[in-house]
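The sequence shown begins at 2 in the numbering used here and counts up by one. We treat Cβ as the ideally placed atom computed from N, Cα and C, and that holds for glycine.
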Amino acid sequence: MAKAQKSFTCGSCGSVYNRWQGKCEDCGEWNTISEQKAAVSGAPKGLSQKKGSAVSLVSLNEPINEMPRTLSGISELDRALGGGLVPGSAILIGGDPGIGKSTLLLQAMGALALKGEDCVYISGEEATAQIQMRAKRLGLQGAPLKLGCETSLRNILTTLDEGVAPKAVVIDSIQTLFADHVEAAPGTVSQVRVCAHELISFAKRRGTVVFIVGHVTKDGQIAGPRVLEHMVDTVVYFEGDRGHQFRILRAVKNRFGGTDEIGVFEMTGLGLKEVTNPSELFLADHNTREPGTCVFAGVEGSRPVLVEIQALVARSSAANPRRAVVGWDSGRLAMVLAVLDARAGLGLAGCDVYLNVAGGLKISEPAADIAVAAALMSSLSQIALPDETVVFGEISLSGDVRSVSQTDSRLKEAAKLGFTRAIMPMGKKQSQKQIEKQSLSRIGDLVNHFFPDN
2 MAKAQKSFTC GSCGSVYNRW QGKCEDCGEW NTISEQKAAV SGAPKGLSQK KGSAVSLVSL
62 NEPINEMPRT LSGISELDRA LGGGLVPGSA ILIGGDPGIG KSTLLLQAMG ALALKGEDCV
122 YISGEEATAQ IQMRAKRLGL QGAPLKLGCE TSLRNILTTL DEGVAPKAVV IDSIQTLFAD
182 HVEAAPGTVS QVRVCAHELI SFAKRRGTVV FIVGHVTKDG QIAGPRVLEH MVDTVVYFEG
242 DRGHQFRILR AVKNRFGGTD EIGVFEMTGL GLKEVTNPSE LFLADHNTRE PGTCVFAGVE
302 GSRPVLVEIQ ALVARSSAAN PRRAVVGWDS GRLAMVLAVL DARAGLGLAG CDVYLNVAGG
362 LKISEPAADI AVAAALMSSL SQIALPDETV VFGEISLSGD VRSVSQTDSR LKEAAKLGFT
422 RAIMPMGKKQ SQKQIEKQSL SRIGDLVNHF FPDN
């Protein structure tokens, strides 16, 4: 008889230990480690001698059947998912509480139901009456959407397996479900893993699109085991700030399309409204540039987006000047400040620096380096950039300005919104003739614009 082994798992991050301890060494949480059901070590006798079934193998050049996509009726959601819903796919959506996850999925399921598709919305957090009240506020009370309130995984799968499989199912949320054959509380690592596996198996077996809502931790990561994100086909995050009306749906994993695609929504009293041209909303209302502001021509996935970057530089007498960043990487800002000090001698080490990306958008691409540097120099010199000017480019540690990808897309978006001038890296000729281009080879070329006497 093989000896049973004890296993202790952290309910916050999923780390496994061979003994109990009060604090998880990986995530730093206290009192989250609990004992899991004992597993028997050792393989059954005769397993190596038992012959399994052969796996059918195919070659790469064999013809394949393209999987047809279903449009959800919300174009921004379809964009983030790579062009629509793939039958049999499992989609995990996470986001902060109250950001609009349930509202988005209710609108998507309502739009699909109005098109004649069979859709089911199952909630483990709200009663059906609450969902009906929200649907009435969103104007979806006439949609033939089937609602359910249940937390038992066995009951949910039994209901979904009856009759014809639905086109799409929403599970809100995975942390509220429980499998009765697992001896653990709902939301624990064991329950989340088992429930997700059963739901994904149902999606593959019946060809149903399954949306799984996941809670997030205080760090913004989806709660539960990390393996949950590996199991599903697509992972999207619903981002936003309660102080802004904009919401960003960002794909970070997609087996059926590209990643880093975004969908932009505006939260209104009647639900989420699609934003077809986010550049107009992310820019300030005034047309005249103020000192410390700069328009950055960025790219999110395949979509060019223009956004305003704001900077404030103030002299400080403190030993450690303050650095406050919203919407950009603080480490990247420190690098840009170091390059401006070392290569241009601007003396920003003794200044308080505040940087903000307008509209609540989070920028991660290095192409924003030149735009941030221009906003910092503009604030320091109190000289505004010329009106109708966009800026983009990457800064190297040597002070060189490096070219970035999708230059034509950035310039085309800027020209569409009426911009006539671009400050950009020196490179190949561009097809956009209506925009005047100022090429930069080193950071000193930009410094001469704001500090001509240097």
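How far does the beta strand (DSSP E) with residue i in it reach, from first residue to last?
i    : result
F266 : I263 to T269
C196 : First-last for C196: V190 to R207, but that is the alpha helix (DSSP H), not the beta strand (DSSP E).
I424 : R422 to P426
E309 : R304 to R316
V211 : V210 to G215
T390 : T390 to V392
T129 : From DSSP, T129 is part of no beta strand (DSSP E) but of the alpha helix (DSSP H) over T129 to R138.
L250 : F247 to N255
L362 : Here L362 belongs to no beta strand (DSSP E), and DSSP marks it neither H nor E.
F297 : T294 to E301
I'd like the list of long-range same chain contacts for residue i, defined as Cβ closer than 6 angstroms, with 5 residues on each side in sequence excluded.
i    : result
C150 : S124, A128 and T129
F257 : G83 and V87
K434 : none
A298 : L307, V391, F393, R411 and A415
V211 : A91, V170, L200 and A204
M378 : F451
Flag this pair as yes or no: are the beta carbons of residue i and residue j separated by less than 8 angstroms?
i    : j    : result
L106 : D181 : no
A359 : F420 : no
K53  : S35  : Residue identity differs from the one stated: residue 53 is Gly in this sequence, not Lys. Cβ distance not < 8 angstroms, so G53 and S35 don't count as in contact.
T71  : G83  : no
A109 : L78  : yes
G264 : L139 : no
R333 : I444 : no
G208 : A169 : no
D242 : G99  : no
L418 : E291 : no
Straight-line CA distance for residue i to residue j?
i    : j    : result
S90  : Q176 : 20 angstroms
D119 : R323 : 55 angstroms
P279 : L307 : 8 angstroms
Q222 : E240 : 12 angstroms
G188 : L161 : 22 angstroms
D261 : V391 : 23 angstroms
T159 : R194 : 19 angstroms
K219 : L61  : 44 angstroms
D388 : V296 : 10 angstroms
S76  : E275 : 8 angstroms
E184 : G293 : 58 angstroms
L101 : S442 : The sequence given here places Gly at residue 101; Leu does not occur at that position. One C-alpha to the other measures close to 44 angstroms.
A186 : T408 : 52 angstroms
V337 : S365 : 14 angstroms
V59  : E395 : 44 angstroms
E414 : M425 : 14 angstroms
D401 : N449 : 15 angstroms
W21  : C196 : 25 angstroms
A339 : G346 : 10 angstroms
N66  : E230 : 27 angstroms
F266 : V171 : 20 angstroms
K363 : I157 : 37 angstroms
L386 : R403 : 21 angstroms
S73  : L113 : 6 angstroms
W329 : D370 : 10 angstroms
Since residue i contacts residue j with CB under 8 angstroms, what's their CB separation in whole angstroms?
i    : j    : result
G270 : L93  : Not a contact, Cβ separation roughly 28 angstroms.
A372 : I310 : 5 angstroms
Y355 : L381 : No, Y355 and L381 are not in contact; Cβ-Cβ is about 12 angstroms, not under 8 angstroms.
L250 : V237 : 6 angstroms
G259 : S303 : 7 angstroms
S440 : M427 : 4 angstroms
A315 : D353 : 5 angstroms
A374 : L447 : 6 angstroms
A416 : I436 : 5 angstroms
Y122 : L154 : About 16 angstroms; that fails the 8 angstroms criterion.
In the DSSP assignment, find the unbroken alpha helix (DSSP H) run with residue i in it and report its ends.
i    : result
S124 : From DSSP, S124 is part of no alpha helix (DSSP H) but of the beta strand (DSSP E) over C120 to S124.
G445 : I444 to F451
I157 : L154 to D162
A109 : K102 to L115
L418 : Taken as a continuous stretch (DSSP letters only), L418 belongs to no alpha helix (DSSP H), as it is neither H nor E.
E230 : V228 to M232
A339 : S331 to A345
A375 : D370 to S382
R80  : S76 to A81
Identify, in the order they occur along the chain, each residue of the same chain with its Cβ nearer than 7 angstroms to the Cβ of residue i, setting aside the five sequence neighbours on each side.
i    : result
C25  : C11, S13, C14, S16, T33 and I34
S410 : V300 and P305
F452 : S382
K326 : One point to set straight first is that residue 326 is Val, not Lys, in the sequence displayed. Taken in chain order, the residues that qualify are L334 and L356.
By Cβ distance below 8 angstroms, which residues in the same chain neighbour residue i in space, the five residues on each side in sequence not counted?
i    : result
G1   : Outside the shown range of the chain (2 to 455) lies residue 1, about which nothing can therefore be said.
A136 : L107, G111, Q142, A144 and L146
H245 : G360 and G361
Q192 : L178, F179, A180, V183, A185 and A186
Does the CB of residue i have a neighbour CB from chain B at under 8 angstroms?
i    : result
T159 : In the structure shown, chain B does not exist; there is a single protein chain.
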